[in-house]
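**Student:**
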Amino acid sequence: MNTLQAIVLAIIEGITEFLPVSSTGHMIIASSFYGIAQDDFTKLFTIVIQLGAILSVIILYFRRFFQSFDFYFKLLVAFIPAVVLGLLLSDFIDGLLENPVTVAISLLIGGIILLKVDDWFNNPDTTETSQEISYSQAIKIGFFQCLAMIPGVSRSGASIVGGMSQKLSRTSAAEFSFFLAVPTMFGATAKKCYDYYKDGFVLTDEQTNLLIIGNVVAFIVALLAIKTFIGFLTKNGFKVFGYYRIIAGIALLLIHFFIHPLSIL
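Note that the numbering used here has the sequence shown beginning at 791, numbered continuously upward.
(1) How many Å lie between F968 and Y984 at the Cα?
(2) Apart from the five residues on each side of it in sequence, which residues of its chain come closer than 8 Å, Cβ to Cβ, to A980?
(3) Beta-carbon separation of S896 and G942 under 7 Å?
(4) So, using beta-carbon positions, are F1009 and L799 closer together than 7 Å?
(5) Where does V811 fall in DSSP's three states?
(6) Name the residue from I1003, Q997, A1015 whose alpha carbon lies nearest to the alpha carbon of D829.
(7) Assign V1030 to buried or exposed, taking buried as 16 or more other Cβ atoms, counted over all protein chains shown, within 10 Å of its Cβ.
(8) Please state whether DSSP places G825 in a helix, a strand or coil.
(9) Using only the alpha-carbon positions, how far apart do L993 and R945 sit?
(10) Comparing C-alpha positions only, which one of Y986, F882, V811, L794 sits nearest to N949?
(11) Can you tell me the Cβ-Cβ gap for F855 and I848, rounded? I've got them flagged as a contact below 8 Å.
(12) Could you give the first and the last residue of the continuous alpha helix (DSSP H) run that contains Y862?
(13) Who are the Cβ neighbours of A963 in its own chain at under 6 Å, not counting the five residues just before and after it?
(14) Hey, out of G1032, G1004, K1025, whose CA is closest to M791's CA?
(15) CB-CB under 8 Å to F863, same chain, minus the five flanking residues each way: which ones, in chain order?
(16) Note down, in chain order, each residue of its chain lying with its Cβ closer than 7 Å to the Cβ of I826, except the 5 sequence neighbours on either side.
(17) To the nearest angstrom, report how far apart S1053 and I837 are at their CA atoms.
(18) Look at the alpha carbon of L1055 and the alpha carbon of N889, and state the distance between them as a whole number of angstroms.
(19) Within 10 Å of its beta-carbon, does I1002 have 16 or more other beta-carbons around it, so buried, or fewer, so exposed?
(20) Applying the criterion that 16 or more other CB atoms from any shown protein chain within 10 Å of the CB defines a buried residue, is T793 buried or exposed?
(21) Counting C-beta neighbours from all protein chains within 10 Å, is the total for I802 16 or more, i.e. buried, or is it exposed?
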């Protein structure tokens, strides 16, 4: 991986991490076209730079994020399903990360769901902010988030739909998804770094610099993306993202099977 590739992947991460379009799926596609997807450092890079994007949540929602211990416990409850399933299915998930066809199919299915989600869950209750959700709602959203272990599903999309299924408004569901990303991505990064070093890999100075650049770029881009997404989602709902996912999924399948098989298969 070179510096330009690192910047491109970080921009993709910053834009897509909080959109219901799958940041991991998009980075798998981009790294496949670059021919670097099978590289162990690339796999580490795509996970670790999510920390930069997650930091933008803490900065933008600083006062609300550090508001109460009760809210932290709710985030912990929502985070538990991902911890358990992530540890149990680690090898299986790593295998899926090498398959762009999985990404394409997930994009398609997720797109169809997003076209209908506003009709399915259009009666939010009186929960006005993400801090007001119950523990029962939190753990159910956590199980929805686990669907994002399949590349292309979208962590934010799955958890937002999970929140709306619990009668949260689109905005409250999106904000809780943002907050839930903090422990989830920290945990995923810690696990990936541990596995990387356990397998005998050591970061070079160049790779360390690429990780720093990637996190800085992802942070800056994510700051802009979050504010834009919340405003757009509140006014327009999910259909645009649904159509985008369907088009992207079809395009990826056509490219792979009829134009140029992606190099990681």
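All C-beta atoms in this analysis are idealised placements derived from N, C-alpha and C, irrespective of residue type, glycine included.
**Tutor:** Reading from the atomic positions:
(1) Position 178 of the sequence shown holds residue 968. Position 194 of the sequence shown holds residue 984. Roughly 25 Å separates the two Cα atoms.
(2) Looking up residue 980 in the sequence shown gives position 190. Around A980: no qualifying Cβ.
(3) On the sequence shown, residue 896 is found 106 positions in, with the first residue counted as 1. On the sequence shown, residue 942 is found 152 positions in, with the first residue counted as 1. In terms of Cβ geometry, S896 and G942 form a close pair [threshold 7 Å].
(4) Position 219 of the sequence shown holds residue 1009. Position 9 of the sequence shown holds residue 799. Contact: no.
(5) Taking the sequence shown and counting its residues from 1, the one referred to as residue 811 is at position 21. V811: coil per DSSP, three-state reduction.
(6) In the sequence shown, counting from the first residue as 1, residue 829 sits at position 39. Nearest to D829 by C-alpha distance, out of I1003, Q997, A1015, is Q997.
(7) As a working note, residue 1030 is residue 240 in the sequence shown. Under this definition V1030 is an exposed residue.
(8) Taking the sequence shown and counting its residues from 1, the one referred to as residue 825 is at position 35. G825: coil per DSSP, three-state reduction.
(9) Walking along the sequence shown from the start, residue 993 turns up at place 203. Walking along the sequence shown from the start, residue 945 turns up at place 155. Each residue's Cα considered, the two are about 28 Å apart.
(10) One-based indexing of the sequence shown puts residue 949 at position 159. It should be pointed out that residue 949 corresponds to Ser in this sequence rather than to Asn. Nearest option by C-alpha distance: V811.
(11) The sequence position of residue 855 within the sequence shown is 65, counting from 1. The sequence position of residue 848 within the sequence shown is 58, counting from 1. The C-beta distance from F855 to I848 rounds to 6 Å, short enough to fall under 8 Å.
(12) Counted from its first residue, the sequence shown places residue 862 at position 72. From DSSP, the alpha helix (DSSP H) with Y862 extends over 859-878.
(13) What you label residue 963 is simply residue 173 of the sequence shown in a count that begins at 1. Taking A963 as the centre and dropping the five residues before and after it, the same chain places the C-beta of I950, G953, M954 closer than 6 Å to its C-beta, in chain order.
(14) Taking the sequence shown and counting its residues from 1, one reaches residue 791 at position 1. Restricting attention to G1032, G1004, K1025, the CA atom closest to the CA of M791 is found in G1004.
(15) In the sequence shown, counting from the first residue as 1, residue 863 sits at position 73. Counting only Cβ-Cβ distances below 8 Å, and skipping sequence neighbours, we find Y925.
(16) As a working note, residue 826 is residue 36 in the sequence shown. Within the same chain, and ignoring the five residues on either side of I826 in sequence, the residues whose Cβ sits closer than 7 Å to its Cβ are M791, Q795, T832.
(17) Taking the sequence shown and counting its residues from 1, one reaches residue 1053 at position 263. Taking the sequence shown and counting its residues from 1, one reaches residue 837 at position 47. With a pLDDT of 48 at S1053, under the threshold of 50, the modelled position of that residue is not reliable, and no figure is offered here.
(18) As a working mapping, residue 1055 is identified with position 265 in the sequence shown. As a working mapping, residue 889 is identified with position 99 in the sequence shown. Confidence is the limiting factor: at L1055 the pLDDT is only 37, short of 50, which leaves the residue's position unreliable, though a coordinate-based value still follows. Approximately 6 Å, taken between the alpha carbons.
(19) Here the question's residue 1002 lines up with position 212 in the sequence shown. By the 10 Å Cβ count, I1002 comes out exposed.
(20) Walking along the sequence shown from the start, residue 793 turns up at place 3. Classification of T793: exposed, given that the 10 Å Cβ count is below 16.
(21) Against the sequence shown, residue 802 aligns to sequence position 12. Buried, because 16 or more other Cβ atoms sit within 10 Å of the Cβ of I802.
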